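For the sequence shown, the residue numbers in this note's numbering are 77 to 517.
We put the beta carbon where it would ideally sit given N, CA and C, even for glycine.
Owing to the predicted nature of the structure, the values given are computational and were not obtained by experimental measurement.
Notes follow the structure.
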Amino acid sequence: MKVLKFGGTSVGSAERMKGVVKLISDGNTKIVVLSAMSGTTNSLIEFTNYLRIGNITGACEHTTVLQDKYKHTIRELYTTAQYAEMANEKIASLFNHLRDLAQKPLTAELEKEIVAQGEIMSTNMVTLYMQEQGIDAVLLNSFDFMRLAPNGEPDLGYIREHLLPLVDLEANGRIYIAQGFVCLNHQGNIDNLQRGGSDYTATLIGAAVNAEEVQIWTDIDGMHNNDPRIVDNTKPVHHLHFEESAELAYFGAKILHPTCILPAKLTGTPVRLLNTMDPTAEGTLIDNNLTRPGEIKAIAAKDGITALKIKSGRMLLAYGFLRKVFEVFETYKTSIDMICTSEVGVSMSIDDDRKLDLIVDELQKYGTVTIDRDMCIICVVGDLNWENTGFEARAMEAMKDIPVRMVSYGGSNYNISFLVREEDKERALRSLSATIFDEKK
Ligand code: ADP
Ligand code: ASP
Ligand code: MG
Numbered sequence: 077m078k079v080l081k082f083g084g085t086s087v088g089s090a091e092r093m094k095g096v097v098k099l100i101s102d103g104n105t106k107i108v109v110l111s112a113m114s115g116t117t118n119s120l121i122e123f124t125n126y127l128r129i130g131n132i133t134g135a136c137e138h139t140t141v142l143q144d145k146y147k148h149t150i151r152e153l154y155t156t157a158q159y160a161e162m163a164n165e166k167i168a169s170l171f172n173h174l175r176d177l178a179q180k181p182l183t184a185e186l187e188k189e190i191v192a193q194g195e196i197m198s199t200n201m202v203t204l205y206m207q208e209q210g211i212d213a214v215l216l217n218s219f220d221f222m223r224l225a226p227n228g229e230p231d232l233g234y235i236r237e238h239l240l241p242l243v244d245l246e247a248n249g250r251i252y253i254a255q256g257f258v259c260l261n262h263q264g265n266i267d268n269l270q271r272g273g274s275d276y277t278a279t280l281i282g283a284a285v286n287a288e289e290v291q292i293w294t295d296i297d298g299m300h301n302n303d304p305r306i307v308d309n310t311k312p313v314h315h316l317h318f319e320e321s322a323e324l325a326y327f328g329a330k331i332l333h334p335t336c337i338l339p340a341k342l343t344g345t346p347v348r349l350l351n352t353m354d355p356t357a358e359g360t361l362i363d364n365n366l367t368r369p370g371e372i373k374a375i376a377a378k379d380g381i382t383a384l385k386i387k388s389g390r391m392l393l394a395y396g397f398l399r400k401v402f403e404v405f406e407t408y409k410t411s412i413d414m415i416c417t418s419e420v421g422v423s424m425s426i427d428d429d430r431k432l433d434l435i436v437d438e439l440q441k442y443g444t445v446t447i448d449r450d451m452c453i454i455c456v457v458g459d460l461n462w463e464n465t466g467f468e469a470r471a472m473e474a475m476k477d478i479p480v481r482m483v484s485y486g487g488s489n490y491n492i493s494f495l496v497r498e499e500d501k502e503r504a505l506r507s508l509s510a511t512i513f514d515e516k517k
């Protein structure tokens with residue numbers, strides 16, 4: 077049994093929804109995870125922005141514009157008045173619910189309930205369309221099984237236990253449709269898996285049902301060897317190891333949610349990235365095999381990074397120094413991405429700077445702290461086993477004209493990371509592509 081996920085663009089119009097239904101209706105039982113129609117989540121976030129400044133009228137007007145898009149999609153999608161009416165009623169009730177929520181004081185919980193509505197809308201519309209077409213489609217309610225544990229991470233045990241009774245994996249050709257992105261937290265309040273989280277929903281469901289494969293269908297033919305929004309002539313990478321794809325996703329390759337590879341890696345479920353606009357394109361297969369050993373496969377970049385340096389004469393031969401430093405980050409639940417040490421200091425990078433002031437206050441007990449903001453991690457990924465020679469030199473060569481704040485290599489066999497200024501990101505990505513991919517062979 078396979079789990080298929082379709083992103084916002086893939087369900088972004090009536091035409092696209094019909095395309096998805098054609099793709100998935102091959103007679104095989106499957107679970108299909110859908111994102112909200114493209115633009116909807118952003119629009120719902122804008123709705124909460126109106127509420128935050130107390131502009132309820134503005135918020136409600138905003139929903140009217142969004143609702144018009146849905147009315148248009150419904151007119152184009154259904155062929156029978158009966159199903160169009162059912163969809164109109166469902167969507168209208170969800171928009172009325174949004175307008176009711178607008179009257180309440182805005183809280184973090186309420187915001188999460190608001191942004192969850194996009195996936196509820198798209199899954200209802202597609203399920204009704206499939207039923208209209210005579211397809212055995214069953215709508216699952218992801219809130220019934222998608223849960224976070226008290227640490228804020230998805231609770232795979234709970235998900236498995238609560239999802240399995242809801243699906244009949246032997247059902248003859250039945251297609252289950254589920255909302256991506258949304259979940260409940262451990263207290264039972266509405267939450268989500270962060271932006272782009274539908275990919276994570278798919279791999280979690282894949283792990284929960286022991287799927288033979290998880291397919292992430294999007295608007296590009298797989299993971300490219302560099303960010304196609306920045307670098308010209310990027311090419312799809314046809315195969316990646318779980319670790320390679322996890323590094324790329326975590327360090328900014330937007331095609332995959334940062335942590336969605338973890339459940340697949342855990343259960344060894346292959347993940348395939350495919351293009352809804354070009355379904356026969358090969359895409360990218362991600363699994364536990366290492367192909368093209370000794371090669372750099374792709375480059376990604378993650379913005380919004382802050383670097384901290386702690387310089388201390390006392391670090392010299394002082395065991396326990398790093399532990400004390402790490403404890404500060406642990407206290408403030410801030411994870412460290414890159415770390416470089418020398419005898420007199422240590423530099424670290426973080427992407428979540430909400431607790432930065434508190435962290436700096438505490439770190440100052442151990443030495444002089446300096447901060448560089450608006451930095452960017454450039455991550456070069458491939459089979460970078462230390463015994464292979466030449467990659468570090470090639471990557472460094474590409475960075476020769478770019479000021480590099482930190483370099484990290486050897487933490488895994490799969491990446492070299494550079495910390496540069498955000499303003500140098502594009503130059504760095506282009507230079508790395510030119511040096512590593514264009515001049516190869
Ligand atoms: P979806 O809505 O289907 O989840 P996303 O917008 O989240 O799609 O991800 C697909 C987009 O990711 C592509 O359109 C592309 O612009 C962007 N992207 C960034 N880096 C890469 C990469 N290395 N390979 C492929 N796509 C990438
Ligand atoms: N709709 C959510 C978002 O836009 C989740 C997703 O598309 O994966 O982030
Ligand atoms: Mg996405």
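Of the residues the options, the one placed nearest residue i, counting alpha carbons only
i: Tyr-276; options: Ile-492, Ser-484 and Val-109; result: Val-109
i: Met-424; options: Ala-469, Val-457, Ile-478 and Val-496; result: Val-496
i: Asn-248; options: Val-214, Ala-254 and Pro-369; result: Val-214
i: Thr-410; options: Val-420, Ile-306 and Asp-433; result: Asp-433
i: Leu-186; options: Leu-242, Gly-134, Glu-161 and Ile-266; result: Ile-266
i: Ile-167; options: Asp-144, His-317 and Leu-182; result: Asp-144
i: Thr-116; options: Val-191, Glu-137, Asn-125 and Ser-101; result: Val-191
i: Leu-418; options: Leu-398, Asp-428 and Tyr-126; result: It is Ser, not Leu, that sits at residue 418 in the sequence shown. When only C-alpha atoms are compared, the closest one is Leu-398.
i: Met-77; options: Arg-223, Leu-216 and Leu-245; result: Leu-245
i: Tyr-525; options: Val-202, Leu-142 and His-138; result: With the chain covering 77 to 517 only, the question about residue 525 has no answer from this structure.
i: Lys-400; options: Val-420, Val-483, Thr-367 and Glu-438; result: Glu-438
i: Asn-489; options: Trp-462, Asp-220 and Asp-308; result: Trp-462
Check whether residue i and residue j have beta carbons under 7 Å apart
i: Ala-340; j: Pro-334; result: no
i: Ala-322; j: Ala-376; result: no
i: Ile-372; j: Val-456; result: yes
i: Ser-388; j: Tyr-442; result: yes
i: Asp-450; j: Glu-498; result: yes
i: Ile-251; j: Ala-178; result: no
i: Cys-235; j: Ala-284; result: Correcting the residue type first, residue 235 is Ile in the shown sequence and not Cys. Cβ atoms of Ile-235 and Ala-284: closer than 7 Å.
i: Tyr-408; j: Lys-385; result: no
i: Ile-426; j: Ile-412; result: yes
i: Arg-223; j: Leu-174; result: no
i: Thr-356; j: His-315; result: no
i: Ile-331; j: Leu-505; result: no
For residue j and residue i, the rounded distance between their alpha carbons
i: Phe-405; j: Tyr-395; result: 18 Å
i: Lys-519; j: Arg-503; result: In the structure displayed, the chain extends from 77 to 517; residue 519 sits before or after that span and is not available.
i: Phe-553; j: Asp-459; result: Within the shown structure, residues of the chain are numbered from 77 to 517, placing residue 553 beyond reach of any answer.
i: Leu-170; j: Met-197; result: 8 Å
i: Thr-360; j: Asn-351; result: 10 Å
i: His-238; j: Glu-319; result: 29 Å
i: Pro-312; j: Gly-134; result: 43 Å
i: Asp-521; j: Asp-500; result: Absent from the structure is residue 521, since the part of the chain shown begins at 77 and ends at 517.
i: Glu-152; j: Tyr-146; result: 10 Å
i: Thr-444; j: Phe-327; result: 28 Å
i: Ile-447; j: Pro-479; result: 16 Å
i: Ile-415; j: Val-422; result: 7 Å
i: Ser-218; j: Glu-229; result: 16 Å
i: Glu-122; j: Gln-193; result: 13 Å
i: His-336; j: Arg-128; result: Before going further, note that residue 336 is Cys rather than His in the sequence given. Cα to Cα, Cys-336 sits roughly 31 Å from Arg-128.
i: Ala-163; j: Ile-453; result: 45 Å
i: Glu-91; j: Ser-111; result: 16 Å
i: Asp-231; j: Leu-242; result: 17 Å
i: Asn-227; j: Cys-136; result: 35 Å
i: Glu-468; j: Asn-491; result: 10 Å
i: Lys-81; j: Gln-255; result: 10 Å
i: Val-420; j: Gln-440; result: 15 Å
Cutoff 8 Å; reference residue i; Cβ partners in own chain excluding five residues on either side
i: Glu-473; result: Thr-511
i: Tyr-159; result: Leu-204, Tyr-205, Gln-207 and Glu-208
i: Thr-156; result: Glu-208
i: Asp-354; result: Asp-297
i: Gly-344; result: Asp-363 and Asn-364
i: Pro-304; result: Ile-296 and Thr-310
i: His-138; result: Ser-119, Glu-122, Phe-123 and Tyr-126
Cβ shell of residue i (< 7 Å), same chain only, five flanking positions each side left out
i: Ser-114; result: Gly-84, Thr-85 and Gly-88
i: Asn-365; result: His-317
i: Gly-95; result: Thr-352
Residues near residue i by beta carbon distance below 6 Å, same chain, minus five either side
i: Lys-517; result: Any reading at Lys-517 must be qualified, since the residue scores a pLDDT of 42, below 50, and its modelled position is unreliable; no value is offered.
i: Val-79; result: Ile-107, Ala-278, Ile-281, Gly-282, Ala-287 and Val-290
i: Pro-181; result: none
i: Thr-18; result: Only positions 77 to 517 of the chain appear in this structure, which leaves residue 18 out of reach.
i: Thr-382; result: Ile-426, Asp-429 and Arg-449
i: Ser-119; result: Leu-142
i: Leu-338; result: none
Validate contact between the stretch 79-94 and the stretch 286-293 using beta carbons, cut 8 Å, 3 pairs: yes
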